[in-house]
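Going by numbering that gives the first Met the number 0, the first residue of the sequence shown is number 0, and it counts up by one from there. Beta carbons are placed, not taken as given, at the ideal position from N, Cα and C, and that holds for glycine. Computed from a predicted structure; not experimentally measured. Following: one structure in structure tokens, then a few remarks.
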Amino acid sequence: MALSTPTTTTTPHHHHHHLPKLFHPHSSSLSTITFPAKPTTTTHHLISHHSSSKWRTNVSFFPAFLNKSKNAESIKQELLEAIALLDRGAEASPDDQQSIEQIVRKLEAANPTKEPLKSPFLDGKWELLYTTSQSILQTKVTILVLDILTCKYFECYVRPKFLRSRVNYQAINVDTLRAQNMESFPTFNQVTADLTPVNAKKVAVQFDYFKILGLIPVKAPDTARGSLEITYLDEELRVSRGDKGNLFILKMIDPSYRVPV
């Protein structure tokens, strides 16, 4: 709330005072209120009132801001504890997934970064902590198995844990609009992609090259595409959602990492 300082002008016969005006910032147009012409007492009263109002505003604003930050931190800790023993989501039951989804939605509501694609926090290499994507977790593959009693094949979904990537990474560079997914031992597979911003927190993803075992380049088909929306971001944690409804929770490990162009 802005307050103009009154000015007093003296003439030989009359005293004319430029009367103070109070501007109300919340109306669509500025409202002008004229006060009685008593410069000394009125001015002191208004300034005191203005100062106390400003003080009350500051007192009410900062605790609210701090509470929101503390709230986000407590939700983050709750989330990290919930996913700690789930092997990046491979061991998550449907109940676990539902519980984590509820915690994530609370965290998304406290997101401090409203435009992630404009934030320096996004750039770098992230480690995957949790996902609902079975293709990334590699917990299911299709194998044709022969039933010797019926002589028919059926599909079996199985992937031994020792054949799964131990750690998964994702890197993003906003300046070049490039992204990269990486697997660790024993597969070392990689894929790179071009990003096209859809809005301030969502990108379209067009994969361009796969690297089998991290060595053999294979051009990705034009149909290898998707999208990624960043729903929570700070300097150490990111939550994203894919176009197929999958959830991704990642932690920053190397903000200096550059994706191959």
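Would you decide whether residue i is buried or exposed? Buried here means 16 or more other CB atoms lie within 10 Å of its CB.
| i | result |
| --- | --- |
| Lys124 | buried |
| Asp253 | exposed |
| Pro259 | exposed |
| Glu234 | exposed |
| Arg240 | buried |
| Phe184 | exposed |
| Leu249 | buried |
| Ser92 | exposed |
| Ala108 | exposed |
| Ala83 | exposed |
| Arg87 | buried |
| Arg237 | buried |
| Asp94 | exposed |
| Glu182 | buried |
| Glu80 | exposed |
| Ser59 | At Ser59 the pLDDT is 44, less than 50, meaning the model places this residue with poor confidence; the figure from the coordinates comes in the next sentence. Flag for Ser59 reads exposed. |
Pull the bridge partners of residue i from the DSSP assignment, please.
| i | result |
| --- | --- |
| Gln189 | Met181, Lys210 |
| Leu162 | Paired residues: none, contrary to the question. |
| Lys250 | Glu126, Leu236 |
| Ile85 | Before going on, a small fix: residue 85 reads as Leu here, not Ile. Partner(s): none; Leu85 has no beta bridge. |
| Pro119 | Pro119 pairs with nothing; no bridge assigned. |
| His203 | The displayed chain sequence assigns Ala, not His, to residue 203. In DSSP, Ala203 forms a bridge with Thr195, Ser226. |
| Ile256 | Just to set this straight, residue 256 is Tyr in the shown sequence, not Ile. Paired residues: none, contrary to the question. |
Please look up how many angstroms separate the CB atoms of residue i and residue j, rounded, as I've assumed it's under 8 Å.
| i | j | result |
| --- | --- | --- |
| Val202 | Pro196 | 6 Å |
| Ala89 | Leu162 | Not really, about 12 Å apart at Cβ, beyond 8 Å. |
| Thr131 | Gln96 | 6 Å |
| Glu77 | Ile102 | 6 Å |
| Val217 | Phe209 | 5 Å |
| Ala199 | Leu116 | 5 Å |
| Ala178 | Gln189 | No, Ala178 and Gln189 are not in contact; Cβ-Cβ is about 11 Å, not under 8 Å. |
| Asn110 | Tyr256 | With 8 Å as the limit, Asn110 and Tyr256 do not qualify as a contact, their Cβ atoms being about 23 Å apart. |
| Leu194 | Leu214 | Incorrect: roughly 25 Å between the Cβ atoms, too far for contact. |
With 8 Å as the threshold, decide whether the Cβ of residue i is near any Cβ in chain D.
| i | result |
| --- | --- |
| Glu234 | Within the model displayed, chain D is absent; a lone protein chain is all it includes. |
Would you give the residue range spanned by the beta strand (DSSP E) that residue i belongs to?
| i | result |
| --- | --- |
| Ser98 | Here Ser98 belongs to no beta strand (DSSP E); instead the alpha helix (DSSP H) covers 93-108. |
| Thr130 | 123-130 |
| Gly241 | 236-241 |
| Pro216 | 215-218 |
| Ala170 | 167-172 |
What is the residue span of the alpha helix (DSSP H) that residue i lies within?
| i | result |
| --- | --- |
| Leu136 | 133-136 |
Taking C-alpha atoms, which residue in the options lies nearest to residue i?
| i | options | result |
| --- | --- | --- |
| Leu265 | Phe187, Arg177, Leu127 | Here the chain has residues from 0 to 260 only, and residue 265 is not among them. |
| Thr112 | Ala71, Ala81, Gln96, Ser98 | Ala71 |
| Leu222 | Ile82, Ala192, Ile74 | Before going on, a small fix: residue 222 reads as Thr here, not Leu. Among Ile82, Ala192, Ile74, the Cα nearest to that of Thr222 is on Ala192. |
| Ile74 | Leu106, Arg87, Arg257, Asp122 | Leu106 |
| Met251 | Asn167, Lys117, Glu100, Glu80 | Asn167 |
| Ser226 | Ile215, Leu214, Asp242, Ala219 | Asp242 |
| Glu114 | Gly244, Val173, Pro159 | Val173 |
| Gly244 | Pro119, Leu128, Ser118, Ser134 | Ser134 |
| Ser118 | Leu246, Phe247, Ile229 | Ile229 |
| Leu85 | Leu128, Glu100, Arg104 | Leu128 |
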